[in-house]
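Before any comments, here is the structure.
Chains as they are written, first to last, in the UniProt record's numbering: chain E, 1 to 265; chain V, 1 to 64.
Laid out in structure tokens, this is it:
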């Protein structure tokens, strides 16, 4: 067969092009570890996600490794916003409670279908802080167009998984002690060393606390109401950047029907 | 018909390898270069350059 030299040139170039396509994709997947999202996760029962999947949350599972459990439902994502630190590897587990949705981090290839009963998992490397939008790109109902979430990649040193809650007396009788139960939850794997400071009136008490990884530490502040005197006293409890505050009322005599009540916001 | 005969008299036969469409070659070559450039741009700049990106869990399991 007599093939023209230009035709030969074209045949060779076209073959090289195909080899080049395959080589770049092989380099991406083998060399850089770029992956596609598959159905390797076990299935869950969308009717009992609370048991099978648990609360929507972010977990610290290793050094710079996090797991985010996300539930998509009409017409929202939970948790919202999803907060993860920069310079970390986050594995997302996403499932749906009702109909087919999608989980698409806009402008990136973090994009998957979210199917009830299936868990889509994908591991994503976040190098730099930033804010991303998450949208649903599978038509899921009347308000599909409003279905969006936020993904916040915060600087590493600003990221923590601390939660502060305070249980305090609202009202005490003059002469009694008012107690403030402070619990500090640390969701990270590392220990958290911090200072809890308690302010009431002009008085400030500070206490060093160490919260072990993935646990909760409780401490109690007490104040003698006779030092404060009758009336309303504002208090503030601060742990790192978290603050809880309220008002303590010191009365001469507690009314019978009022059982004190708790302020556990 | 007379006209056709006149034209056929002007026909010039060339051999297979004497046919040399340089213009077509240049045009297809240009298309080819654009295609290669766009592939490299889309894959390396748009796809790999837009962090964050999905990476394989298998690979991480191997490293960790």
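Beta carbons: idealized from backbone N, C-alpha and C, even for Gly.
### Query
Taking residue 40(E) as the reference, which of 50(V), 56(V), 11(V) has the closest Cα?
56(V)
### Query
Using the beta-carbon of each residue, which ones in chain V are nearer than 7 Å to residue 186(E)?
In chain order: nothing, as chain V lies at least about 23 Å away.
### Message
Threshold first: 3 residues or longer. Then list the beta strand (DSSP E) segments lying entirely within the stretch 60 to 137 of chain E, N to C.
### Response
65 to 73, 76 to 78, 82 to 85, 88 to 96, 101 to 105, 111 to 114, 120 to 126, 130 to 135
#### Entry: Close-in-space but distant-in-sequence residues of the same chain around residue 213(E) (CB under 7 Å, 5 per side omitted)
186, 188, 189, 190, 191
### Task
Could you tell me whether the Cβ atoms of residue 71(E) and residue 150(E) are closer together than 9 Å?
no
### Message
Between residue 29(E) and chain V, is any beta-carbon pair separated by less than 9 Å?
### Response
yes
### Query
What does residue 125(E) reach in chain V if we use C-beta pairs closer than 8 Å?
51, 52, 53, 55
### Message
For residue 226(E), report the span of its alpha helix (DSSP H) as first-last.
### Response
225 to 228
### Query
In the stretch 85 to 111 of chain E, which residues sit with their C-beta less than 8 Å from some C-beta in chain V, listed in chain order?
89, 91, 105, 107, 108, 109, 110
### Message
Checking 9 Å against the spacing of the C-beta atoms, do residue 248(E) and residue 176(E) come in under that value?
### Response
no
### Contacting residues, own chain, Cβ-Cβ under 6 Å from residue 57(E) (five flanking each side not counted)
69
### Query
How far does the alpha helix (DSSP H) with residue 24(V) in it reach, from first residue to last?
22 to 40
### Query
the stretch 24 to 49 of chain V: which residues have C-beta closer than 9 Å to a C-beta of chain E, in chain order?
24, 25, 28, 29, 32, 35, 36, 39, 40, 43, 44, 47, 48
#### Entry: Sequence-distant residues of the same chain with beta carbon closer than 8 Å to residue 233(E), five excluded per side
200, 201, 247, 248, 249, 250
### Residue environment, residue 31(V), which counts as buried when at least 16 other CB atoms sit within 10 Å
exposed
### Query
Hey, residue 116(E) and residue 95(E): beta-carbon distance below 9 Å or not?
yes
### Assumed close pair residue 100(E), residue 138(E) - CB separation to whole angstroms, cut-off 8 Å
5 Å
#### Entry: Neighbour list for residue 37(E) in chain V, Cβ cutoff strictly below 7 Å
54
### Query
Can you give the Cα-Cα distance for residue 184(E) and residue 37(V), rounded to whole angstroms?
56 Å
### Message
Looking at the strands, I want to know which residues DSSP matches up with residue 150(E).
### Response
133(E)
### Query
Between the Cα of residue 119(E) and the Cα atoms of 62(E), 241(E), 164(E), 45(E), which residue gives the shortest distance?
45(E)
### Query
Can you find a CB in chain V that lies within less than 9 Å of the CB of residue 153(E)?
yes
### Message
Taking 9 Å as the threshold (C-beta atoms), are residue 43(V) and residue 18(E) in contact?
### Response
no
### Query
Are the CB atoms of residue 102(E) and residue 84(E) nearer to each other than 9 Å?
no
### Message
Can you list, in chain order, the residues of its chain with a C-beta nearer than 6 Å to that of residue 78(E)? Leave out the 5 residues immediately preceding and following it.
### Response
56, 71
### Query
Can you tell me whether residue 16(V) is buried or exposed, with buried defined as 16 or more other CB within 10 angstroms of its CB?
exposed
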